[in-house]
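A short worksheet on the structure shown next.
Residue numbers (the working numbering): 2 to 493.
Written out as structure tokens, the structure reads:
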């Protein structure tokens, strides 16, 4: 297994601050010529007079603080603070500094195992923003969604907090509770989730065959073994005479770039571009396919949503533009920059991650902060993103009016109990719908939403969301690929 303490540099495409990464291993010239850490700030400087003066200024500031501050000073904290300040001054959510503890957690993520809530996050305008919850994670099961802004954890605000510190507050030992408050677009009040931290399931590839001969392969992240697992599952499907393939990268926050290339090469003809990387001087390097010269004999659809980020977007762009795949679902996240992670140079177990370039699709499109548009846009029903009911404001009853009532009405409608309205006013039809739900679940049919009813509503909704029968995006992808199969068969 590849460790991060390697002579190679890790070029990170998708570390958005939380759980999984997108990386490629590249050898850079001049690594061995770098100065050895620990020789002192000024002793290691061989650059210009300006560089020496800059470092002298930092050294002077540290000495003045250490010698004159009215309390004892931890110089390690001073150094960490100085580096954090430099990284924050870049105004780039993907460039940051990790002290020893955070860097160790970073290593866990590279190696594919960690404990937490299972959500990929980034820093935007001082906010901790969810890129996507990991499939099957406690965060996903609780109802955390892409684009949610995490306001606080267990009562501690994350507003304005440096990203790594925020992540440390979100993570925690298995079995511990994290009370997460989030702000969600369309909701006027903060939403609270109680999430039990757990070991995150690191199986990354799931596959099955639909009745119509369409294979579906879901990739939850691109980790070190994902490429081999993908090949195994693809081979099994092809042996079953698969007629078409859907690759599902919804809520996939990223992964190892070489794995993305390996997967894309199975569909992109030899010599065609998979991805391009452009440095600050405008110089571009292309990664071209070394795969077979012929395309697969079946149509391909990529299923994506707003939680599909970085490596997922690379795959979607490559398959669309170089392999003729159809994209179905929602606009993707929009993460198009490349970072290099330096650990050996830091010398003390800490790590520095710096944005060095941007990546582009085969056609040269830069999707950063824009995402990739689907060919066929399909949104999930409203109940897929409904806010949970605030248990502290129960019971909800006739003639009340609130966002919690609106959430309950959305849930009831999603579960086929037809309250007639979803505007937040608790009318007679809503009361009747609640009673019908309560009777079905064996709860006293009061027509009011107490804690037992609220919890039962949410549990029933989670079960429905997990049922492929109600997955509008997957259904549309299956319809489209079936048409493509029929069109291909009918051609002379």
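Cβ atoms here follow ideal geometry from the backbone N, Cα and C, with glycine treated the same way.
- With the rule of 3 Cβ pairs closer than 8 angstroms, the stretch 359-369 does not count as touching the stretch 150-164.
- Across the set 474, 296, 284, the C-alpha of 474 shows the shortest separation from the C-alpha of residue 377.
- Annotated as distal: residue 358 and residue 424, with beta-carbon spacing of 7 angstroms or more.
- In this structure, 270 is the residue among 270, 221, 402, 306 with its C-alpha nearest to the C-alpha of residue 293.
- In the same chain as residue 79, and ignoring 5 residues on each side of it, the C-beta atoms closer than 8 angstroms to its own belong to 63, 66, 67, in chain order.
- Here the alpha carbons of residue 311 and residue 135 stand approximately 14 angstroms from one another.
- Judged by DSSP secondary structure, residue 128 falls within the beta strand (DSSP E) whose first and last residues are 128-134.
- For residue 421, same chain residues with a beta-carbon under 6 angstroms away, outside a window of 5 residues either side, are 430 in chain order.
- The distance from the Cβ of residue 147 to that of residue 252 is about 7 angstroms, consistent with a contact at the 8 angstroms cut-off.
- In the three-state DSSP reduction, residue 473 falls in the helix class (H, G or I).
- When only Cα atoms are considered, residue 219 and residue 320 end up about 15 angstroms apart.
- For a cut-off of 8 angstroms, the C-beta gap from residue 485 to residue 300 is around 4 angstroms, short enough to register as a contact.
- Annotation for residue 280: the continuous beta strand (DSSP E) segment containing it runs 274-280.
- Comparing alpha-carbon positions, the option among 128, 132, 126, 58 lying closest to residue 335 turns out to be 132.
- The three-state secondary structure of residue 63, taken from DSSP, is helix.
- The DSSP assignment places complete beta strand (DSSP E) segments of no fewer than 3 residues inside the stretch 151-230 at 178-184, 192-197, 206-210, 215-220, in order along the chain.
- Within the same chain, 359, 360, 367, 368, 369 come within 6 angstroms of residue 337 by CB-CB distance, once the 5 residues on both sides are set aside.
- Taken through DSSP and simplified to helix, strand or coil, residue 78 comes out as helix.
- Counting only the Cα atoms, residue 81 lies some 39 angstroms from residue 391.
- The secondary-structure analysis by DSSP pairs residue 285 across a beta bridge with 279.
- Under the three-state reduction of DSSP, residue 480 is assigned to helix.
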